[in-house]
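Peer 1: Everything in the sequence shown is counted per our numbering, starting at 138 for the first residue and increasing by one. Take a look at this one; I'll ask things after.
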Amino acid sequence: MTDRRRQVLVVMPQGGQKPLLELLQQEQFEVRLGETTDKGLESALERPPDVMIVDTVLGKDLVESLTQTLLANPRTEKIAFFFIGGEGEELSSFRRHKDQFFIRPFNAEQLLSGLLNYFRQKEQTQQVGLPDQDVSGDLTHISLVDLLQVMNLNRRDGTLTLTRGTDKGEVFLLGGQVVEAKLGQVAGEKAFFRLLTWFEGNFQFRHGEVPVEPRITIPTDHLILDGVRQNDEMNAQRDSLPAPSSEVVLLVPQEHLPSGLRPTTQEILLLLQNMRKVQDVLDHGSRPDFEILQILRALLDKGILSTRERGQDVANRVEPLLSTEDVLVVKDSFGESDALLQEATAKLVLLVARGEELRGLVQVLQAMPEFEADVSLAGSRRELLFGDIGQLQVADTLKIRLFSLPATDETAPLWRPFCRRLFGVLSIGEEGLVSEAEQFFEQYGNVEVVKVGFNEMREGTLLLRAGDRDAWRQVLHRFAANLGERRRRQGSQNDKRTETETV
138 MTDRRRQVLV VMPQGGQKPL LELLQQEQFE VRLGETTDKG LESALERPPD VMIVDTVLGK
198 DLVESLTQTL LANPRTEKIA FFFIGGEGEE LSSFRRHKDQ FFIRPFNAEQ LLSGLLNYFR
258 QKEQTQQVGL PDQDVSGDLT HISLVDLLQV MNLNRRDGTL TLTRGTDKGE VFLLGGQVVE
318 AKLGQVAGEK AFFRLLTWFE GNFQFRHGEV PVEPRITIPT DHLILDGVRQ NDEMNAQRDS
378 LPAPSSEVVL LVPQEHLPSG LRPTTQEILL LLQNMRKVQD VLDHGSRPDF EILQILRALL
438 DKGILSTRER GQDVANRVEP LLSTEDVLVV KDSFGESDAL LQEATAKLVL LVARGEELRG
498 LVQVLQAMPE FEADVSLAGS RRELLFGDIG QLQVADTLKI RLFSLPATDE TAPLWRPFCR
558 RLFGVLSIGE EGLVSEAEQF FEQYGNVEVV KVGFNEMREG TLLLRAGDRD AWRQVLHRFA
618 ANLGERRRRQ GSQNDKRTET ETV
């Protein structure tokens with residue numbers, strides 16, 4: 138029997154519907170079709186679906202008009218949209234926390250996975266909203282923020298227990314309002330703000346009386362907004378804030394400290410008389426973590442404190458595939474020097490002539506924990522593979538998407554669009570079969586093209602073997618250095634133009 142809650146309306150040209158429809162029907166979705174945006178609008182208004190899958194090949198303006206019309210209607214504003222479009226395509230009606238975007242040519246299995254996750258989260262949200270019901274689930278399916286918002290809307294009373302590994306936290310609610318939170322020895326707003334950073338783990342809500350004295354009096358919606366804001370700012374400023382694992386030492390005698398310090402600053406300086414580790418100060422301080430870290434940074438900047446990284450932590454640290462200096466060069470080359478602490482992505486094109494060559498590279502990549510493969514595409518047996526094969530986390534704030542591009546005459550018209558945000562090109566095809574593509578990306582894409590092999594060293598190629606991190610660091614550094622040199626050349630040319638105009 139078809140689940141009436143799992144209604145999907147597919148709006149795309151008839152030619153691209155069949156494989157997707159067969160997959161959806163196998164999973165018992167109730168599927169309706171619309172071959173044009175007009176038919177899709179008519180069907181959605183007549184009987185609103187849960188999800189609309191819309192292909193922008195019908196026309197970006199028409200798709201924008203369709204979605205904006207439905208979002209403006211109270212009967213259809215809750216529809217989730219799964220868009221299929223070209224790389225780099227942007228839609229003003231796209232809602233980051235609700236909708237999804239799949240780059241054409243899209244993978245139907247990946248889209249199906251997104252649908253199943255959406256409905257799983259929707260069903261859990263509905264269960265959470267049931268009165269007088271105990272519920273449990275996974276934070277990867279429904280976030281803590283969504284949980285609390287549903288409970289607040291339904292004025293739930295009870296205890297929300299969160300577990301992540303060996304860590305355990307609790308949030309206590311009265312009438313849907315958060316009145317207390319605990320995480321280890323930490324309680325109140327500080328504990329609640331820390332729990333907001335949990336995006337993985339399990340939750341269990343037990344309806345009933347709350348066995349604590351209310352400590353948090355801020356309305357829950359304001360509390361969530363403040364916690365999310367502080368955590369976002371703390372993440373954005375992480376490189377400039379002292380690390381929790383580091384130790385701080387008070388350089389100025391207590392009697393020489395300036396007078397009129399804020400109470401929180403005085404509290405921190407008092408704690409530093411008995412402890413050095415930043416994490417200990419965070420755990421014992423009364424204020425939220427971000428506020429304490431800001432004060433510690435100010436004291437360090439003023440020379441009142443000094444800091445050092447604990448030797449054990451440094452020794453055990455795994456060196457990233459791309460150094461911080463190279464990450465800064467890459468981001469600067471893409472004009473993102475003002476967003477150095479935010480996560481970014483770039484593209485690495487893989488030129489192939491045969492499917493077996495790409496499978497060889499995937500096997501090498503899978504030996505590195507930083508690589509996350511697109512299993513459905515990487516496991517394909519087609520002779521030539523086209524599309525994403527996965528992503529490589531080369532640094533904390535930089536991911537590289539690996540895109541397989543057959544170096545054939547048929548795909549030549551697609552080469553130019555792949556030059557946008559291009560980090561570099563790996564050529565893994567046999568000499569002569571990929572030469573034209575190599576020349577195009579070197580000249581038009583203005584990026585480094587590195588020839589690589591996996592079995593034996595050939596002249597002019599870099600040998601990549603499973604587990605050889607140094608070889609990967611070498612090739613990634615070459616790409617970054619090339620981007621930096623390109624940026625410097627552009628800057629020099631701009632300076633010359635300015636001098637000429639001045640003269």
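Cβ coordinates follow ideal geometry from the N, Cα and C atoms, glycine included.
Once DSSP output is grouped into helix, strand and coil, what is the label at T298?
Peer 2: For the purposes of this step, residue 298 is identified with residue 161 of the sequence shown, where counting begins at 1. Strand, per DSSP.
Peer 1: Pairing CB atoms from the region 184 to 195 with CB atoms from the region 218 to 238, are three or more of them under 8 Å?
Peer 2: yes
Peer 1: Return the chain-ordered list of same chain residues with a C-beta closer than 7 Å to the C-beta of Q154, the five sequence neighbours on each side being excluded.
Peer 2: Within the sequence shown, numbered from 1, the residue matching residue 154 stands at position 17. Cβ neighbours of Q154 beyond the five flanking positions: V147, L170.
Peer 1: With distances taken Cα to Cα, identify the nearest neighbour of R143 among Y255, E246, S230, G222.
Peer 2: Start at 1 with the first residue of the sequence shown, and residue 143 comes out as number 6. Cα-wise, what sits closest to R143 is Y255.
Peer 1: Locate the beta strand (DSSP E) running through L487, then write down its first and last residues.
Peer 2: Taking the first residue of the sequence shown as position 1, residue 487 is located at position 350. Where L487 is concerned, the enclosing beta strand (DSSP E) stretches over 481 to 489.
Peer 1: Checking contacts by CB at 8 Å: is R169 closer than that to chain D?
Peer 2: Absent here is chain D; the protein component of the structure consists of one chain.
Peer 1: Report the residue from L310, G321, Q530 whose alpha carbon sits nearest the alpha carbon of P356.
Peer 2: Taking the sequence shown and counting its residues from 1, the one referred to as residue 356 is at position 219. Residue L310 is the option with its Cα nearest to P356.
Peer 1: So, for L535: in the same chain, excluding its five sequence neighbours on each side, which residues have a beta-carbon less than 6 Å away from its beta-carbon?
Peer 2: On the sequence shown, residue 535 is found 398 positions in, with the first residue counted as 1. Contacts found: V464, A481.
Peer 1: Looking at the unbroken alpha helix (DSSP H) that takes in N372, where does it start and where does it end?
Peer 2: Residue mapping note: residue 372 aligns to position 235 of the sequence shown, counting from 1. Secondary structure note for N372: its alpha helix (DSSP H) is the uninterrupted segment 357 to 373.
Peer 1: Using DSSP's beta-bridge definition, name the partner residues of G548.
Peer 2: Walking along the sequence shown from the start, residue 548 turns up at place 411. According to the sequence provided, residue 548 is Thr. The question's Gly does not apply to it. Looking at the DSSP assignment, T548 forms no beta bridge with any residue, so it has no partner.
Peer 1: Use the C-beta contact count for L362: other C-beta atoms within 10 angstroms, 16 or more gives buried, fewer gives exposed.
Peer 2: Taking the first residue of the sequence shown as 1, we reach residue 362 at position 225. L362 is exposed by the Cβ-count criterion.
Peer 1: From I441 to T402, what does the alpha carbon distance come to, in whole angstroms?
Peer 2: Along the sequence shown, one-based indexing puts residue 441 at 304. Along the sequence shown, one-based indexing puts residue 402 at 265. About 12 Å.
Peer 1: Taking a contact to mean a Cβ-Cβ separation below 8 Å, would you say F336 touches P425 in this structure?
Peer 2: Here residue 336 refers to the residue found at position 199 of the sequence shown. Here residue 425 refers to the residue found at position 288 of the sequence shown. No, these two residues do not count as a Cβ contact at 8 Å.
Peer 1: Count the other CB atoms, across all protein chains shown, that sit within 10 Å of the CB of S443; report buried if there are 16 or more and exposed otherwise.
Peer 2: Here residue 443 corresponds to residue number 306 of the sequence shown, with the count starting at 1. By the neighbour-count rule (16 or more Cβ atoms within 10 Å), S443 is not buried but exposed.
Peer 1: Measuring only the C-alpha atoms, how far is A245 from S202?
Peer 2: Translated into the one-based positions of the sequence shown, residue 245 becomes position 108. Translated into the one-based positions of the sequence shown, residue 202 becomes position 65. Roughly 25 Å separates the two Cα atoms.
Peer 1: Since L459 and A617 should fall inside the 8 Å C-beta cutoff, what is the C-beta to C-beta distance between them, to a whole number of angstroms?
Peer 2: Taking the sequence shown and counting its residues from 1, one reaches residue 459 at position 322. Taking the sequence shown and counting its residues from 1, one reaches residue 617 at position 480. Sure, about 6 Å apart at Cβ, within 8 Å.
Peer 1: Skipping 5 residues on each side, what residues in its chain have a beta carbon closer than 7 Å to that of R199?
Peer 2: Here the question's residue 199 lines up with position 62 in the sequence shown. Checking the sequence, you will find Leu at residue 199 rather than Arg. Answer for L199: T174, listed in chain order.
Peer 1: Which word fits N411, buried or exposed, when buried means at least 16 other C-beta atoms lie within 10 angstroms of its C-beta?
Peer 2: For the purposes of this step, residue 411 is taken as residue 274 along the sequence shown, with counting starting at 1. The residue is exposed, with fewer than 16 neighbouring Cβ atoms inside 10 Å.
Peer 1: If we call anything under 8 Å between Cβ atoms a contact, is P185 one with T213?
Peer 2: What you label residue 185 is simply residue 48 of the sequence shown in a count that begins at 1. What you label residue 213 is simply residue 76 of the sequence shown in a count that begins at 1. Yes.
Peer 1: As a quick exercise: from E494, L208, P457, F427, pick the residue whose alpha carbon is nearest that of M371.
Peer 2: Here residue 371 corresponds to residue number 234 of the sequence shown, with the count starting at 1. Of E494, L208, P457, F427, the residue nearest in Cα terms is F427.
Peer 1: State the DSSP-derived secondary structure class of G516, mapped to helix, strand or coil.
Peer 2: By one-based count along the sequence shown, residue 516 stands at place 379. With a pLDDT of only 48 at G516, under 50, the local geometry of the prediction cannot be trusted, and the value read off the model is given with reservation. Residue state, collapsed to three classes: coil.
Peer 1: Do you know whose CA, among G604, K414, N583, K235, lies nearest Q503's CA?
Peer 2: Position 366 of the sequence shown, counted from the first residue, corresponds to residue 503. Nearest of G604, K414, N583, K235 to Q503, Cα basis: G604.
Peer 1: Whole-angstrom Cβ separation of I405 and V418, contact assumed at under 8 Å?
Peer 2: For this step, residue 405 is matched to residue 268 along the sequence shown. For this step, residue 418 is matched to residue 281 along the sequence shown. Confirmed, about 6 Å.
Peer 1: Compare the Cα-Cα distances from G561 to each of Q576, E567, L281, S280 and report the closest residue.
Peer 2: Here residue 561 corresponds to residue number 424 of the sequence shown, with the count starting at 1. Nearest of Q576, E567, L281, S280 to G561, Cα basis: Q576.
Peer 1: What residue from G345, L563, V531, L613 has the CA that sits closest to D271's CA?
Peer 2: Residue numbering aside, residue 271 sits at position 134 when the sequence shown is read from its first letter. If we check each option's Cα against that of D271, G345 comes out closest.
Peer 1: Taking all protein chains shown into account, decide if G302 is buried (16 or more other Cβ within 10 angstroms of its Cβ) or exposed.
Peer 2: Translated into positions along the sequence shown, residue 302 becomes position 165. By the 10 Å Cβ count, G302 comes out exposed.
Peer 1: Please determine, among R623, G177, V571, L161, the residue with the shortest C-alpha to C-alpha distance to D546.
Peer 2: On the sequence shown, position 409 is the one that residue 546 refers to. D546 has its Cα closest to that of V571, out of R623, G177, V571, L161.
Peer 1: For E494, is the classification buried or exposed, using 16 other Cβ atoms within 10 angstroms of its Cβ as the cut-off for buried?
Peer 2: Position 357 of the sequence shown holds residue 494. By the 10 Å Cβ count, E494 comes out buried.
Peer 1: Over what stretch of residues does the beta strand (DSSP E) that includes I240 continue unbroken?
Peer 2: Residue 240 sits at position 103 when you count from the first residue of the sequence shown. Run containing I240: 237 to 240, per the beta strand (DSSP E) assignment.
Peer 1: If you reduce the DSSP assignment to three classes, tell me which class R538 lands in.
Peer 2: In the sequence shown, residue 538 corresponds to position 401, counting from 1. DSSP places R538 in strand when its eight states are reduced to three.
Peer 1: Between which two residues does the beta strand (DSSP E) holding S273 run?
Peer 2: The residue labelled residue 273 in the question sits at position 136 within the sequence shown. First-last of the beta strand (DSSP E) with S273: 272 to 275.
Peer 1: Under 6 Å Cβ to Cβ from G137, same chain only, skipping five residues before and after it: list those, please.
Peer 2: In the structure as shown, the chain begins at 138 and stops at 640. Residue 137 is therefore absent and cannot be evaluated.
Peer 1: Taking the alpha carbon of L498 as the point to measure from, which residue in L600, K414, Q165 has its own alpha carbon closest?
Peer 2: Position 361 of the sequence shown holds residue 498. Of L600, K414, Q165, the residue nearest in Cα terms is L600.
Peer 1: According to DSSP, simplified to helix, strand and coil, what is F340?
Peer 2: For the purposes of this step, residue 340 is taken as the residue at position 203 of the sequence shown. Of the three classes helix, strand and coil, the one that applies to F340 here is strand, per DSSP.
Peer 1: Pull up the CB-CB distance for G338 and L320, whole angstroms please, since I reckon it's below 8 Å.
Peer 2: Taking the sequence shown and counting its residues from 1, one reaches residue 338 at position 201. Taking the sequence shown and counting its residues from 1, one reaches residue 320 at position 183. With 8 Å as the limit, G338 and L320 do not qualify as a contact, their Cβ atoms being about 12 Å apart.
Peer 1: Do L559 and V589 have their CB atoms nearer than 8 Å?
Peer 2: For the purposes of this step, residue 559 is identified with residue 422 of the sequence shown, where counting begins at 1. For the purposes of this step, residue 589 is identified with residue 452 of the sequence shown, where counting begins at 1. Result no, Cβ atoms of L559 and V589 do not sit closer than 8 Å.
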